[in-house]
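Residue numbering for the sequence shown is 576 to 891, as defined by the working numbering. Worksheet: the structure to be examined is printed underneath.
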Amino acid sequence: MNFSVTKRNHFTGIGLAVLATFIWSGNFIVARGVAGKIPPVSLAFFRWLTASLVLLPFSFKYLRTNREKIWQNRKLIIAAAVTGVSLFNTFVYIAGHYTSAINLALIGTTSSPVMSIILARIFLKEKIGFLKIAGMITCLAGILLLMSKGNWQNLLGFTFSAGDGWVLLAAFWFAVYNILARKKPADLPAISFLFSTFWIGTALLLPFYLWENSIQPAVNWNPGLVMVILYLGAGASVLSFFLWNIAIGYLGAGRTALFGNLIPLFSTAEAVFFLHEKFFPEQLAGMLLIFSGLLAANGTLFFSQKNRQLPTNRSA
């Protein structure tokens with residue numbers, strides 16, 4: 576391939592990966608910004624219902640040709656739907672009622688990769704090298720710094736705040752989802768897997784949405800709230816997925832995965848700009864520690880040309 580074409584493809588891949596993470600980052604702003612305007616289960620339900628409807632025209636032909644494979648892998652798909660769709664973002668939206676968007680993004684997106692490494696070692700028997708161990712320790716130090724609010728003595732009598740607890744639960748379930756998604760058969764197209772998890776996850780949310788709707792005040796629907804749902808369903812759930820997959824085609828899965836570390840950076844800037852949240856020095860220090868740890872844990876991926884298969888979803 577011509578060098579100029581290769582270089583252009585490389586920058587195209589970078590641009591698409593950055594755009595995908597930018598779109599995903601707004602999920603944490605929404606979680607905090609609409610708290611009190613729409614209950615968390617309702618927000619999750621309408622997000623995934625919208626995403627399922629938007630994805631239907633693109634996935635219909637794949638569903639017809641892959642229905643037997645979907646049925647054969649129904650247990651895996653249902654488990655992925657429960658963890659990645661029904662639980663993960665719902666818990667993020669619950670956490671948004673108790674903590675800042677900055678903490679949602681920093682704790683939620685950085686603790687999940689650490690949990691994924693640990694779960695992959697336990698259930699997939701993946702080796703954890705020195706760099707991964709060093710990166711995990713550094714990430715944990717950064718997370719503890721955030722949760723201690725910069726004073727390590729706070730850890731002596733530390734108790735989880737409601738927001739910290741919910742967002743860590745969300746991160747755990749997404750880590751479980753990542754392990755399940757990696758077990759997806761290679762002959763099952765990613766779009767079929769994704770669409771199946773969307774619909775099943777939405778269906779599982781339906782009874783909880785009906786229950787929440789019966790005990791909560793009616794949602795005051797307005798154009799702004801409708802746009803939020805469309806952004807979450809069409810943008811953060813579908814468009815970013817396609818952009819991310821195209822980026823992987825140019826850069827490879829390992830290199831593209833590193834751009835996911837931009838999500839808390841974008842979310843922090845958006846929280847300061849749109850929600851007028853304050854950014855404290857300990858949050859900057861925690862962010863730097865976490866980024867350093869993630870880069871150390873994934874450093875070898877950046878130089879690898881292997882593992883160019885498409886993933887099925889992202890953390891937001």
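Backbone N, C-alpha and C define an ideal beta-carbon position, used for all residues, glycine too.
For S634, the enclosing alpha helix (DSSP H) begins and ends at 615 to 640. By the CB criterion at 8 Å, T685 and G808 fall outside the cutoff.
Three or more Cβ pairs drawn from the region 707 to 715 and the region 854 to 874 lie within less than 8 Å of each other, which places the two stretches in contact.
By the criterion of a C-beta distance shorter than 8 Å, L763 is surrounded in its chain by N641, K644, I645, N648, once the five residues flanking it on both sides are discounted. Distance from the Cα of L591 is smallest, within the candidate group N795, G835, V801, for G835. With fewer than 16 other CB atoms across the displayed protein chains lying within 10 angstroms of its CB, R639 is exposed. Counted as a single uninterrupted DSSP element, the alpha helix (DSSP H) harbouring V801 occupies residues 798 to 805.
Using a 10 angstroms sphere on the CB of N753, the tally of other CB atoms reaches 16 or more, which defines it as buried. Residue nearest to A619 within the set G776, G683, A676 is G776 (criterion: CA-CA distance). K758 carries a coil assignment under DSSP once its states are collapsed to helix, strand and coil.
Going by C-alpha positions, L662 is about 25 Å away from K700. Going by C-alpha positions, I823 is about 27 Å away from T665. Closest in C-alpha terms to A860, from the list L630, H585, S600, G717, comes G717.
Within the same chain, I604, G608 come within 8 Å of F849 by CB-CB distance, once the 5 residues on both sides are set aside. Nearest to F747 by C-alpha distance, out of K702, I692, I598, is I692. N678 is classed as buried because its beta carbon has at least 16 other beta carbons within 10 Å across all chains shown.
Note that the C-beta distance between V616 and A670 is not below 8 Å.
Counting every other CB atom within 10 Å of its CB across the protein chains shown gives R622 a total of 16 or more, marking it as buried.
Annotation for N788: S617 place their beta carbon closer than 7 Å to its own, counting only its chain and skipping 5 residues before and after. The three-state secondary structure of Y752, taken from DSSP, is helix. For K853, the three-state secondary structure derived from DSSP is coil. Under the 10 Å beta carbon count, V801 is surrounded by fewer than 16 other beta carbons and is classified as exposed. In the DSSP annotation of this structure, the continuous segment of the alpha helix (DSSP H) that includes A695 starts and ends at 676 to 698. Under the 10 Å beta carbon count, I838 is surrounded by 16 or more other beta carbons and is classified as buried. Here W796 is exposed. Its C-beta has fewer than 16 other C-beta atoms within 10 Å.
When the Cα atoms are used, F698 and V593 turn out to be separated by approximately 31 Å. Straight across, the Cα-Cα distance linking A680 with Y784 is about 25 Å. The continuous alpha helix (DSSP H) containing P782 extends over residues 765 to 790.
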